[in-house]
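These notes are about the structure you will find just below.
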Amino acid sequence: MAAQAINTASTAAFDRAADWDALAVRARAVRRTKAVVLYAFLIAVSLPIILPYFWLVTIAFSARAGVAETAVLWRSMAVIMPVVVAFWLTVALAQSRRQSWIGIAAVAAIGVFAFALLVGPDLHLGNFIFLWEPDFASVVRSRIGEVKGAVQFPNVWHAFANSILIAGAQTAIVVTVASLAAYYLSRFQFPGRSSMLRSLLVLHAFPVLTLIVPMFLMLYWIGLLDTLFGVILVLVAFELPFAIFIMKGFFDAVPWDIEMSALTDGASRRQAFVSVVLPQVRNGILAIAVFTFIRGWEEYIFVFTFLIRNSNWTMSLYMYWVRDDVMGVDYGVVSAVGVFYLVPSLILYMAAQRYLMQMSIGGVKG
Amino acid sequence: MAKIEFRNVVKRFGAVEVIPDLNLVIEDGEFVALLGPSGCGKSTSLFMLAGIYVPSGGELLFDGHVVNEVETRDRNVGVVFQSYALYPHMSVRDNILFPLRFKKTPRDEALARVTAAADLVRVAELLDRRPSELSGGQQQRVALARALVKEPQLLLLDEPLSNLDASLRLSMRTEIKSLHAQLGVTTVLVTHDQIEATTMADRIICMRAGRIEQVGTPDDLYLRPSSLFVAGFIGSPPINLVAGEAEDGMVTVNGARFPVEGASGSLTVGLRPEHLRIGDTGFAGRIAQIEPMGREILYVVETGMGAVRVLEQGSSAGHSTGEQVKIGFLSENSLVFETERQKLIAGAHVREPV
Ligand SMILES: Nc1ncnc2c1ncn2[C@@H]1O[C@H](COP(=O)(O)OP(=O)(O)OP(=O)(O)O)[C@@H](O)[C@H]1O
Ligand SMILES: [Mg+2]
Chain A
2 MAAQAINTAS TAAFDRAADW DALAVRARAV RRTKAVVLYA FLIAVSLPII LPYFWLVTIA
62 FSARAGVAET AVLWRSMAVI MPVVVAFWLT VALAQSRRQS WIGIAAVAAI GVFAFALLVG
122 PDLHLGNFIF LWEPDFASVV RSRIGEVKGA VQFPNVWHAF ANSILIAGAQ TAIVVTVASL
182 AAYYLSRFQF PGRSSMLRSL LVLHAFPVLT LIVPMFLMLY WIGLLDTLFG VILVLVAFEL
242 PFAIFIMKGF FDAVPWDIEM SALTDGASRR QAFVSVVLPQ VRNGILAIAV FTFIRGWEEY
302 IFVFTFLIRN SNWTMSLYMY WVRDDVMGVD YGVVSAVGVF YLVPSLILYM AAQRYLMQMS
362 IGGVKG
Chain B
124 MAKIEFRNVV KRFGAVEVIP DLNLVIEDGE FVALLGPSGC GKSTSLFMLA GIYVPSGGEL
184 LFDGHVVNEV ETRDRNVGVV FQSYALYPHM SVRDNILFPL RFKKTPRDEA LARVTAAADL
244 VRVAELLDRR PSELSGGQQQ RVALARALVK EPQLLLLDEP LSNLDASLRL SMRTEIKSLH
304 AQLGVTTVLV THDQIEATTM ADRIICMRAG RIEQVGTPDD LYLRPSSLFV AGFIGSPPIN
364 LVAGEAEDGM VTVNGARFPV EGASGSLTVG LRPEHLRIGD TGFAGRIAQI EPMGREILYV
424 VETGMGAVRV LEQGSSAGHS TGEQVKIGFL SENSLVFETE RQKLIAGAHV REPV
């Protein structure tokens, strides 16, 4: 009897085990299909994003006599496409974190080697002539025998400094004002508080172009037209609402307790704000600082409209005029200026990426 | 050290009157507990002492001086918040050091005092950690050290034990009490836990909806609760309260009748479960439920006046469910309240029915 019972029990167990195997096989197949589809999608999406930047950089470093070297471009593409595909394949196939790191490192090493071999000999710095030759436009034009009519370019470092000044000053003002205003909005009750919060969002929704004519007139009347300070003020005005809104979300998340605690520990309201509350919203401040800086760095519409003298040019205006003047003559120089313009934002983004990821926007509380 | 006095203190938030009229004296060096249900204004009273809230009316006095307008930072009050409110971006050392920053204490002396405070609450080995790396009990101790390091004249504790587990709560209770004995600082403890209040405080202030119901020692509140509210709030398991009508020296409660002395009219009889015993005399009932509580057994007995809780010593039940029993009590342990006004009738008692 007992033996028989055990026998049936084990048969039943065996049956069920067989079922489970089948289920596991099916689940694995489904998972694999999903992964293949996902990675195919990622490859398809990442190539068009990566390629333009890649070409920009390659042209900047390889174009000779003003024309993009098509052969070099194709060769470089022959390197980058397989690298991107190989990257996603490694990530997809790796069984562990370690394996995927090793795989990525291997892919990168092979990619760099192939690049150095196939493209390396054609690279040069000649297109960055604008960094040391202010009147590069004439030089570039003279290469094709066209000497007259070149735009008078200021020194590129001057434009660079102007851009840094605009972006930096704008960031400093926005961060200071937004922190104080957002703290007040978050902590104090006053008449009109909720309508103010609502109008903050509406203000941000205005397309800036619609306001450009009135802005121009205002700047003209107060005498700030064609000054960096005027542009900084305009930028600050447009960036503030959103920055305040974001900072309010961060302040809302700081518990009242620690502030009260600081007061009972003998701090004044200001001391409590500086030494206890501000450190809690550090990430928020970094986030709006980076965004505001990059916004100021890439600013084009306002500087184009409100700045006239070439000593007031920013990098974006410089880029614009290079494109206007030399494009069609020398693509290499245009690309090189583009790379030069791109690098600071890229560095800033990479340095601050960790903080930007944490940015979340709190809801409007009445 | 300070003597604290509330004189007709009122606190309103907008149109809502949270504290209508508070009168209270706390003696120098005393340990009092503000006890009451959630939302009765305990924290509000505490924050007025700390200076975070300004009273809407009346006077608040420290050592006979009105302090209504005195800024929080000038009051020299140590507060432990319910959430501990440690500064997350500072190490434990910097947390405890923080109050001394504003007193311009010389660096060496300040560090020595931090060490002393940390030793006092036994967190000396945690000084370099961040608050997020501490357990709840350790955070609580750090908060205590931070409140004590500036040698406050008044220590305020807002539900300091509510976030701790049962065993930790027990040991922190003892520790806070011995700290008070050691330092002698006037201490106000806010709690909604009656055991916390009765075990730690010299005096309990029982509050309800912004008003003081009763002030007294734990014994006063337990043995002579001035109102039905206090009787129901103090004691665990809660007191048995049954309403009835008294006539000709007998009170009728549902079906049961007791002899009553010193009272008449609509009455509420209060009998604490631990004052009842199952025996040969008293009123009859049937055991409906048995709840062993470790060293005690709680019986729920169905009687003529409804379900009655009886607490008996011992770790094993001497009776079984469904058993018919008689419940007796000593007359002097019974409490009689006026149902209408909810007040205790002093000297009135009921006796076991014969
Ligand atoms: N800032 C405020 N604005 C409006 N009403 C408030 C404010 N603070 C407290 N109250 C109200 O005052 C009453 C008492 O609040 P308080 O915080 O003093 O209660 P509590 O006794 O500490 O309760 P708990 O045990 O839940 O902490 C509550 O009804 C609460 O809603
Ligand atoms: Mg409270």
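Keeping their order, the protein sequence lines are chains A and B. Note that our numbering numbers the first sequence so that position 57 is 58, with each residue one more than the last. Note that our numbering numbers the second sequence so that position 69 is 192, with each residue one more than the last. For glycine and all other residues, C-beta sits at the position ideal for the given N, C-alpha and C. Here the structure is a predicted model, which is why all the values come from computation and not from measurement.
(request) Within the same chain, show all residues whose beta-carbon is closer than 7 Å to that of B/Val448, passing over the 5 residues directly before and after it, in chain order. (result) For this step, residue 448 of chain B is matched to residue 325 along the second sequence. If we look at B/Val448 and ignore the five residues flanking it on each side, its Cβ neighbours are Ile401, Gly408, Ile410, Val424, His442.
(request) Using a threshold of 8 Å, state whether the C-beta atoms of B/Glu182 and B/Arg130 are closer than that. (result) Position 59 of the second sequence holds residue 182 of chain B. Position 7 of the second sequence holds residue 130 of chain B. For B/Glu182 and B/Arg130, yes; Cβs fall inside 8 Å.
(message) Helix, strand or coil for A/Ser276? Go by DSSP, reduced to three states.
(response) Locating residue 276 of chain A in the first sequence gives position 275, counting from the first residue. Helix at A/Ser276.
(request) Decide if the segment 225-240 of chain B is in contact with the segment 253-264 of chain B; the criterion is three or more beta carbon pairs, one per stretch, under 8 Å apart. (result) By the Cβ test, the segment 225-240 of chain B is not in contact with the segment 253-264 of chain B, since fewer than three Cβ pairs between them sit closer than 8 Å.
(message) I'd like to know if B/Lys226 contacts chain A, where contact means its C-beta is closer than 8 Å to some C-beta of that chain.
(response) Indexing the second sequence from 1 puts residue 226 of chain B at position 103. B/Lys226 counts as touching chain A.
(message) Out of B/Val141, B/Ile127, B/Gly137, B/Glu128, which one is the CA nearest neighbour of B/Arg334?
(response) To locate residue 334 of chain B, count along the second sequence from 1; it is residue 211. Its Cα nearest to that of B/Arg334, the residue B/Val141 stands out among B/Val141, B/Ile127, B/Gly137, B/Glu128.
(message) For the structure I just gave you, are there three or more beta carbon pairs, one from the segment 424-440 of chain B and one from the segment 351-359 of chain B, closer than 8 Å?
(response) Contact between the segment 424-440 of chain B and the segment 351-359 of chain B is absent: fewer than 3 CB-CB pairs across the two stretches fall below 8 Å.
(message) Rounded to the nearest angstrom, what separates B/Ala471 and B/Phe381 at their Cα positions?
(response) Locating residue 471 of chain B in the second sequence gives position 348, where the first residue counts as 1. Locating residue 381 of chain B in the second sequence gives position 258, where the first residue counts as 1. Between B/Ala471 and B/Phe381, the alpha-carbon positions lie close to 13 Å from each other.
(message) Using only the alpha-carbon positions, how far apart do A/Pro370 and A/Ile247 sit?
(response) Only positions 2 to 367 of chain A appear in this structure, which leaves residue 370 of chain A out of reach.
(request) For the alpha helix (DSSP H) containing B/Ile327, list its first residue and its last residue. (result) Indexing the second sequence from 1 puts residue 327 of chain B at position 204. No alpha helix (DSSP H) contains B/Ile327, which is instead part of the beta strand (DSSP E) from 326-331.
(request) Could you list which residues in chain B have their beta carbon closer than 7 Å to that of A/Val277, in chain order? (result) Position 276 of the first sequence holds residue 277 of chain A. Neighbours of A/Val277 on chain B, chain order: Tyr210.
(request) Would you list the one or two residues that DSSP bridges to B/Ser389? (result) In the second sequence, counting from the first residue as 1, residue 389 of chain B sits at position 266. DSSP, once it has assigned bridges, lists B/Glu368 as partnering B/Ser389.
(message) Is there a Cβ of chain A sitting closer than 8 Å to that of B/Ile149, yes or no?
(response) For this step, residue 149 of chain B is matched to residue 26 along the second sequence. Put simply, the CB of B/Ile149 is far from chain A, with every gap to its CB atoms at 8 Å or more.
(message) Am I right that B/Val459 and B/Val392 are in contact with their C-beta atoms under 8 Å? What's the rounded C-beta distance?
(response) In the second sequence, residue 459 of chain B corresponds to position 336, counting from 1. In the second sequence, residue 392 of chain B corresponds to position 269, counting from 1. With 8 Å as the limit, B/Val459 and B/Val392 qualify as a contact, their Cβ atoms being about 6 Å apart.
(message) According to DSSP, B/Pro415 sits in a beta bridge with which residue or residues?
(response) Counted from its first residue, the second sequence places residue 415 of chain B at position 292. Here B/Pro415 is bridged, per DSSP, to B/Ile420.
(message) Distance cutoff 8 Å, beta carbons only. Does A/Gly121 sit that close to anything in chain B?
(response) For the purposes of this step, residue 121 of chain A is taken as residue 120 along the first sequence, with counting starting at 1. No, its Cβ sits nowhere closer than 8 Å to a Cβ of chain B.
(message) Short of 8 Å in beta carbon distance, which residues of its chain neighbour B/Pro428, apart from the five on each side in sequence? Order them along the chain.
(response) The residue you call residue 428 of chain B lines up with position 305 of the second sequence. The identity of residue 428 of chain B in the sequence shown is Met, whereas the question assumes Pro. These residues qualify, in order along the chain: Val365, Gly367, Val376, Asn377, Gly378, Ala379, Phe406.
(message) I'd like to know if B/Lys165 contacts chain A, where contact means its C-beta is closer than 8 Å to some C-beta of that chain.
(response) Walking along the second sequence from the start, residue 165 of chain B turns up at place 42. It does not; no Cβ of chain A falls within 8 Å.
(message) So for B/Gly397, helix, strand or coil by DSSP?
(response) For the purposes of this step, residue 397 of chain B is identified with residue 274 of the second sequence, where counting begins at 1. In the sequence as displayed, the identity of residue 397 of chain B is Glu instead of Gly. Note: B/Glu397 maps to helix in three-state DSSP.
(message) For A/Gly363 and A/Lys249, what's the separation of their Cα atoms in angstroms?
(response) Indexing the first sequence from 1 puts residue 363 of chain A at position 362. Indexing the first sequence from 1 puts residue 249 of chain A at position 248. The pLDDT assigned to A/Gly363 is 41, lower than 50, so where the model puts this residue is not dependable, and the model offers no usable value.
(message) Let me make sure I understand the geometry here. Which of A/Gly267, A/Pro192, A/Val176 has the alpha-carbon closest to that of B/Lys227?
(response) Your numbering for residue 227 of chain B matches position 104 in the second sequence. Checked all of A/Gly267, A/Pro192, A/Val176; the closest Cα to B/Lys227 is A/Gly267.
(request) List the endpoints of the continuous alpha helix (DSSP H) containing B/Gln263. (result) Reading the second sequence from its first residue, position 140 is the one you call residue 263 of chain B. Start and end: 259-271.
(message) Taking 8 Å as the threshold (beta carbon to beta carbon), is B/Ser389 in contact with chain A?
(response) Locating residue 389 of chain B in the second sequence gives position 266, where the first residue counts as 1. At a cut-off of 8 Å between beta carbons, B/Ser389 makes no contact with chain A.
(message) Does the distance between the C-beta of B/Gly445 and the nearest non-hydrogen atom of ligand 1 fall short of 7 Å?
(response) In the second sequence, counting from the first residue as 1, residue 445 of chain B sits at position 322. For ligand 1, not one heavy atom lies less than 7 Å from the Cβ of B/Gly445.
(message) Could you check whether the Cβ of B/Cys329 sits closer than 7 Å to any heavy atom belonging to ligand 1?
(response) Walking along the second sequence from the start, residue 329 of chain B turns up at place 206. Answer for B/Cys329: no, Cβ out of range of ligand 1.
(request) Check the Cβ of A/Leu264 against every Cβ in chain B and list those closer than 7 Å, keeping chain order. (result) Along the first sequence, one-based indexing puts residue 264 of chain A at 263. Those within 7 Å of A/Leu264 in chain B are Ile175, Thr195, Arg196.
(message) On the criterion of 16 or more Cβ atoms from any shown chain inside 10 Å, does B/Met416 qualify as buried, or is it exposed?
(response) Residue 416 of chain B sits at position 293 when you count from the first residue of the second sequence. That one is exposed.
(request) Within 10 angstroms of the Cβ of B/Leu107, are there 16 or more other Cβ atoms? Answer buried if so, exposed if not. (result) An answer regarding residue 107 of chain B cannot be provided, because it is not within the stretch 124 to 477 covered by chain B.
(message) Measuring only from the beta carbon, is A/Phe191 closer than 7 Å to any heavy atom that is part of ligand 1?
(response) Counting from 1 along the first sequence, the entry for residue 191 of chain A is found at position 190. No, since every heavy atom of ligand 1 falls outside the 7 Å radius drawn around the Cβ of A/Phe191.
(request) Under 8 Å between beta-carbons, which chain A residues line up against B/Ser206? List them in chain order, please. (result) To locate residue 206 of chain B, count along the second sequence from 1; it is residue 83. Simply Pro256, Asp258.
(message) Checking 8 Å against the spacing of the C-beta atoms, do A/Gly297 and A/Leu236 come in under that value?
(response) Within the first sequence, numbered from 1, the residue matching residue 297 of chain A stands at position 296. Within the first sequence, numbered from 1, the residue matching residue 236 of chain A stands at position 235. Yes.
(request) Starting from B/Gly180, follow its DSSP beta bridges and name the residues at the other end. (result) Position 57 of the second sequence, counting from 1, holds the residue named residue 180 of chain B. By DSSP's assignment, B/Gly180 forms a beta bridge with B/Val133.
(request) Using the DSSP secondary-structure output, state which residues sit across from A/Ile51 in a beta bridge. (result) Looking up residue 51 of chain A in the first sequence gives position 50. DSSP lists no partner for A/Ile51.
(message) Strictly under 8 Å for the Cβ-Cβ distance: is A/Gly367 near chain B by that measure?
(response) Translated into positions along the first sequence, residue 367 of chain A becomes position 366. Confidence in A/Gly367 is poor, its pLDDT being 33 and thus under 50, which makes the residue's placement unreliable; the coordinate value appears in the next sentence. No, because no Cβ of chain B sits closer than 8 Å to the Cβ of A/Gly367.
(message) I'd like to confirm something about B/Glu319: is its beta-carbon nearer than 7 Å to some heavy atom of ligand 2, or not?
(response) Sequence index remark: in the second sequence, residue 319 of chain B carries index 196 (1-based). For ligand 2, not one heavy atom lies less than 7 Å from the Cβ of B/Glu319.
(message) Does any residue of chain E have a CB that is nearer than 8 Å to the CB of B/Lys273?
(response) In the structure shown, chain E cannot be found, because the protein chains are A and B.
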